[in-house]
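Residue numbers (this note's numbering), protein chains in the order written: chain Y, 1 to 232; chain E, 1001 to 1233. One structure below.
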């Protein structure tokens, strides 16, 4: 049964690509989210406009449309940038993995920036003042005082986003990346058993999301060490 | 991008938007109808009754919508029994496959929203209803459900907007919705960025109208929250 008519190894390889894509997009998304949150909380009005515009626009668009724009538009955009900035005119090809990572990270970042912004403003201002009074620089204050607490507060929301991200990786199959959905479609084409194989893919996704939700519960518990809760 | 190219794609995208809206309307209504019994079974204290909706919700929330869509559109045809049954003309049609999948998918999310709302109905109101002699089904129909629907409305609105965005996947099973139309146009005019951005503007416009409609409904259903009329005497 694990053999799946000889397609077991292929599905396993596809699952690995799905995981790589999820993690790569997560890194891009977390960085964009932090940058977006910083822009939203900036003292400069143009930066705030960029930060707010980014999350408002991306959250109003279908994920699939964003993925298509990145994949089919990436070559155009990069070539236009390269020729205006560096005078480089050769053809630039963008891989499905790179386009998928940027597109999914871009979407994740838009939602995460809202979470981070909420978490940052929920931390009492007195803490940053105390850190400054102890002689910490602005950077030290951010990395030692603010960020660890932002992590704890934003973690449940980030967990939800992570699950959505994991399921959204299936969209990248449409632009040709050999991840779980794509290799499943390949197996379907060979065996003419669509139900069997799409159901198998569904079970693998269920396994992945279940493991992720267990891992997130553990992380949440760990991040909340030392936080007092009301006795129930 | 030239003006002609832009003006040329607008009517095509508009007809794609109509299909998107049809799918959205169908799945939002059928999804809600399915979600009510699911939510009621989910809050049941009998474990065997709440097991079915639990499994259903676990499956539909834990797998990508694309997999669900392909399971219905490509998967069901694998079985001879389905191909020879009377439902085959419906299941062979991409539009109905998309409508069915989206309804089943969104029903799982809506039922969780409804469950939250049902459990948030103040205990005192239920006790009061019982105290004046209402039967269990009367309590549900006249007290719990109307209260729950009103409380669930904002979250239901969010779910409709998520469904609008998810409906873009209909283009993967050959449907000419907004995204599908944009894909076709961009393969003819070779301007993917401009075309997809224009399609995006359509989605943003629909989202804008939907949010305001939900807000209007909310105000309409909460007469108690209306601004008091000032009587200047």
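Beta carbons: idealized from backbone N, C-alpha and C, even for Gly.
| Item | Value |
| --- | --- |
| At a CB-CB cut-off below 9 Å, which residues of chain Y make contact with residue 1077 of chain E? | 194 and 195 |
| With 7 Å set as the bound, which would you pick, yes or no: does the beta-carbon of residue 86 of chain Y sit closer than that to a beta-carbon of chain E? | no |
| Within the continuous alpha helix (DSSP H) that includes residue 117 of chain Y, where are the two ends? | 96-122 |
| Quick check on residue 1055 of chain E: buried or exposed, where buried means 16 or more other Cβ atoms within 10 Å of its Cβ? | exposed |
| Using the Cα positions of residue 1078 of chain E and residue 1169 of chain E, report the straight-line distance between them to the nearest angstrom. | 22 Å |
| Measure the Cβ-Cβ separation of residue 154 of chain Y and residue 115 of chain Y and say whether it is below 7 Å. | yes |
| First and last residue of the alpha helix (DSSP H) that includes residue 1016 of chain E? | 1003-1042 |
| Give a yes or no on whether 7 Å exceeds the smallest Cβ distance from residue 174 of chain Y to chain E. | yes |
| With a 10 Å radius around its C-beta and 16 neighbouring C-beta atoms as the bar for buried, classify residue 1008 of chain E as buried or exposed. | exposed |
| With the cut-off set at 7 Å, would you say residue 198 of chain Y and residue 1071 of chain E are in Cβ contact? | yes |
| Note down, in chain order, each residue of its chain lying with its Cβ closer than 6 Å to the Cβ of residue 1101 of chain E, except the 5 sequence neighbours on either side. | 1068, 1069 and 1072 |
| Measure the Cβ-Cβ separation of residue 1179 of chain E and residue 65 of chain Y and say whether it is below 7 Å. | yes |
| List, in chain order, every chain Y residue whose beta-carbon is nearer than 7 Å to that of residue 1200 of chain E. | 61 and 65 |
| Please report how far the alpha carbon of residue 42 of chain Y lies from the alpha carbon of residue 1029 of chain E, in whole angstroms. | 43 Å |
| Quick one: is residue 1176 of chain E buried, meaning 16 or more other Cβ sit within 10 Å of its Cβ, or exposed? | buried |
| Taking the straight line between their C-alpha atoms, what separation do you get for residue 25 of chain Y and residue 166 of chain Y? | 10 Å |
| In chain order, what residues of the same chain have a beta carbon less than 7 Å from the beta carbon of residue 92 of chain Y, not counting five sequence neighbours either side? | 75, 78, 79 and 82 |
| Within 7 Å (strictly less), CB to CB, does residue 1216 of chain E reach chain Y? | no |
| If you draw a straight line from the C-alpha of residue 1124 of chain E to the C-alpha of residue 36 of chain Y, how long is it? | 45 Å |
| For residue 1212 of chain E and residue 1201 of chain E, I'd like the C-alpha separation in whole angstroms. | 17 Å |
| Please list the partners that residue 1059 of chain E has in chain Y, where partner means a Cβ-to-Cβ separation under 9 Å. | 202 and 206 |
| DSSP three-state label for residue 194 of chain Y, please. | helix |
| Rounded to whole angstroms, how far is the Cβ of residue 183 of chain Y from the Cβ of residue 14 of chain Y, which I believe are closer than 8 Å? | 4 Å |
| Pick out whichever of E/1126, E/1108 and E/1132 has its Cα sitting closest to the Cα of residue 1037 of chain E. | E/1108 |
| How about residue 1082 of chain E: is its C-beta nearer than 7 Å to some C-beta of chain Y? | no |
| For residue 1159 of chain E, collect the residues of the same chain with a Cβ closer than 7 Å to its Cβ; drop the 5 residues on either side in sequence, then sort them by chain order. | 1106, 1109, 1110 and 1113 |
| What are the start and end residues of each continuous beta strand (DSSP E) run of 3 or more residues lying completely inside the stretch 54-82 of chain Y, in chain order? | none |
| Using a Cβ cut-off of 7 Å, pull out every chain B residue sitting near residue 1168 of chain E, in sequence order please. | Going by chain labels, chain B is absent from the structure shown, which instead holds the protein chains Y and E. |
| For residue 53 of chain Y and residue 4 of chain Y, what's the separation of their Cα atoms in angstroms? | 47 Å |
| Specify whether the stretch 55-73 of chain Y and the stretch 107-114 of chain Y touch according to this definition: at least 3 beta carbon pairs, one from each stretch, less than 8 Å apart. | yes |
| Name the chain E residues whose beta carbon is nearer than 7 Å to that of residue 72 of chain Y? | 1186 and 1192 |
| Please state the DSSP three-state secondary structure of residue 163 of chain Y. | helix |
| Can you tell me whether residue 1 of chain Y is helix, strand or coil according to DSSP? | Reliability fails at residue 1 of chain Y, whose pLDDT of 49 lies under 50, so the model's placement of it is uncertain and the value that follows must be treated cautiously. In the structure shown, residue 1 of chain Y sits in coil (DSSP, three-state: anything other than H, G, I, E or B). |
| Alpha carbon to alpha carbon, how far is residue 30 of chain Y from residue 102 of chain Y? Give it in angstroms, no decimals. | 12 Å |
| Rounded to whole angstroms, what is the Cα-Cα separation between residue 135 of chain Y and residue 163 of chain Y? | 40 Å |
| Which residue wins for smallest C-alpha separation from residue 1206 of chain E, given the options E/1131, E/1011, E/1164 and E/1188? | E/1164 |
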